[in-house]
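In my numbering, the protein residues as written are 2 to 487. First comes the structure, then the notes that go with it.
Structure below.
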């Protein structure tokens, strides 16, 4: 692949937006955006949840038609012919199909005799190129795969061979379910792909990833493109300032998050699991290690042991914040308000009827407290961006009286500013006696914990506390050589 059409002439742009905008009734989601994406560049697209990033991507991919302005694909008839592909933050795989069958859904030339062998070859080569050593079989059912493996398959489909080669791949929060080592493989492939003349739109709330791969950064705010500069023209501080948040950067910790805490005698643990996880009242306990090594399963077993009764409870023993919101979190046909109040319906019900006035009060309170960006909590939950859907799930759990909050990689797709606010909120809740079990693939989140259990091969390989919670110690306990390198 090459990004030159002559000795000195650059190749034509893959996509061009001229004054493009998109409105949904009176709501203007995107307002007069000018943008050019050319071969060989990785465009970092940043902005807080609801800034317009997803709407912009939907215009680029042709899912939405612009309400104003133009979207052009020089030299091609539409986005498919232009080689534009997109990997959604929400996930689009069909769980009842195999990996190779999912590829055939989007690559319509995979028909006729021998199509399965061709599909298996394409997806296998893509997985090998992006994620060496992946161990994912083309014949595997998606339903049987971990969330990280599903995300790896989605990404590989985006980069795979096809009747029309991929020229521009949009990656929306592509590492949200990947551990650090797998994420590093993806970032390396993005750099290779762009060096060979491909282009990538990379959307991430993790600043380190943006600066690692982006050659140019576009900042979105309130549906507008407010900054468009080479990546090396930004610093972490200037980028966060452009986004409009007061936090210094994504590594900053509040005083509440870093202050040492005396949690008393460890023998007074209020919960213990068969795997060996234990937690005291008011403690934030992290589960770390490489993705797919039993952390999520351990959380699920504990939560089900606390909530297996078929009846609801006005005062539940545990509340759950899902990372895979599509599978385990949102009720897609319900409103934002009803999704938020779902875990406390017993407290809101009188004589079999829901107190809608009280439900509205709670919804409005949490909309303001956690910053859910919507003009009306009665809107469908799917009208929200992915990060705002995740805020609603956080509010659902924290609004209950549950003494234990179980969090399964809950910050997927949440912007930096909201993460900082949620970290502070978790600390405040813990100071009041709530206990948190927090599985995360992000080291910055693990550092917010009082104690961390590292998992390897379905069992706890290390227990870290205080100053022991470092990336080096977590990685050492995550691999076999952590014990055998003597």
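Even for Gly, the Cβ is constructed at its ideal location relative to N, Cα and C. A quick note: this is a predicted structure, and the numbers were derived from the prediction, not measured.
- Of the residues 155, 81, 82, the one whose Cα lies closest to the Cα of residue 103 is 155.
- Restricted to the region 178–224, the alpha helix (DSSP H) segments that are unbroken, complete and at least 4 residues in length are 181–196, 208–214, listed in chain order.
- Taking 7 Å as the cut-off, the Cβ atoms of residue 63 and residue 221 do not count as close.
- By the criterion of a C-beta distance shorter than 6 Å, residue 96 is surrounded in its chain by 143, 144, once the five residues flanking it on both sides are discounted.
- If you look at residue 408, you'll find it in the beta strand (DSSP E) that goes 405–409.
- Counting only runs that start and end inside the region 39–77, the beta strand (DSSP E) elements of at least 3 residues fall at 43–47, 69–73.
- Judged by DSSP secondary structure, residue 419 falls within the alpha helix (DSSP H) whose first and last residues are 417–432.
- If you compare the alpha carbons of 380, 360, 420 with that of residue 397, the shortest gap goes to 360.
- Cβ contact annotation for residue 292 (same chain, cutoff 6 Å, sequence separation greater than five): 149, 180, 442, in chain order.
- By the criterion of a C-beta distance shorter than 7 Å, residue 48 is surrounded in its chain by 54, 220, 221, 222, 244, once the five residues flanking it on both sides are discounted.
- Taking residue 390 as the centre and dropping the five residues before and after it, the same chain places the C-beta of 326, 331, 382 closer than 7 Å to its C-beta, in chain order.
- Within its own chain, the residues whose Cβ lies closer than 6 Å to the Cβ of residue 61, once the five positions on either side in sequence are excluded, are 16, listed in chain order.
- Here residue 405 is buried, its C-beta having at least 16 other C-beta atoms within 10 Å.
- Counting the other Cβ atoms within 10 Å of the Cβ of residue 285 gives 16 or more, which makes it buried.
- About 12 Å separates the beta carbon of residue 120 from that of residue 128, a gap too long to meet the 8 Å contact definition.
- Rounded to whole angstroms, the gap between the alpha carbons of residue 32 and residue 18 is 12 Å.
- Beta-bridge analysis with DSSP links residue 395 to no other residue.
- Between residue 432 and residue 137, the alpha-carbon positions lie close to 43 Å from each other.
- Taking all protein chains shown into account, residue 334 has fewer than 16 neighbouring C-beta atoms within 10 Å of its C-beta and is therefore exposed.
- Per the C-alpha coordinates, the member of 408, 403, 402 positioned closest to residue 394 is 408.
- Between residue 387 and residue 91, the C-beta spacing is below 7 Å.
- From the listed residues 84, 98, 109, 208, the smallest Cα separation to residue 200 is found for 84.
- In the DSSP assignment, residue 86 falls within the unbroken beta strand (DSSP E) covering 85–88.
- Per DSSP, the continuous alpha helix (DSSP H) segment holding residue 360 begins and ends at 357–371.
- The beta carbon of residue 356 sits closer than 6 Å to the beta carbons of 349 from its chain, once the five residues preceding and following it are set aside; these are given in chain order.
- Beta-carbon to beta-carbon, residue 161 and residue 124 are separated by about 6 Å, close enough to satisfy the 8 Å threshold.
- In this structure, residue 379 lies near residue 336, with their beta-carbon atoms less than 7 Å apart.
- Beta-bridge partners of residue 226 (DSSP): 221.
- For residue 161, DSSP assigns no beta-bridge partner whatsoever.
- If you draw a straight line from the Cα of residue 204 to the Cα of residue 420, it comes to about 16 Å.
- The alpha-carbon separation between residue 373 and residue 115 amounts to approximately 49 Å.
- Judged by pairs of C-beta atoms under 8 Å, the region 294–311 does not touch the region 465–472, as fewer than three such pairs exist.
- In this structure, residue 218 sits near residue 45, with a CB-CB distance shorter than 7 Å.
- 7 Å or more divides the Cβ of residue 75 from the Cβ of residue 133.
- Just so you know, the alpha carbons of residue 412 and residue 51 end up roughly 16 Å apart.
- Residue pairing for residue 354: DSSP places it in a beta bridge opposite 351.
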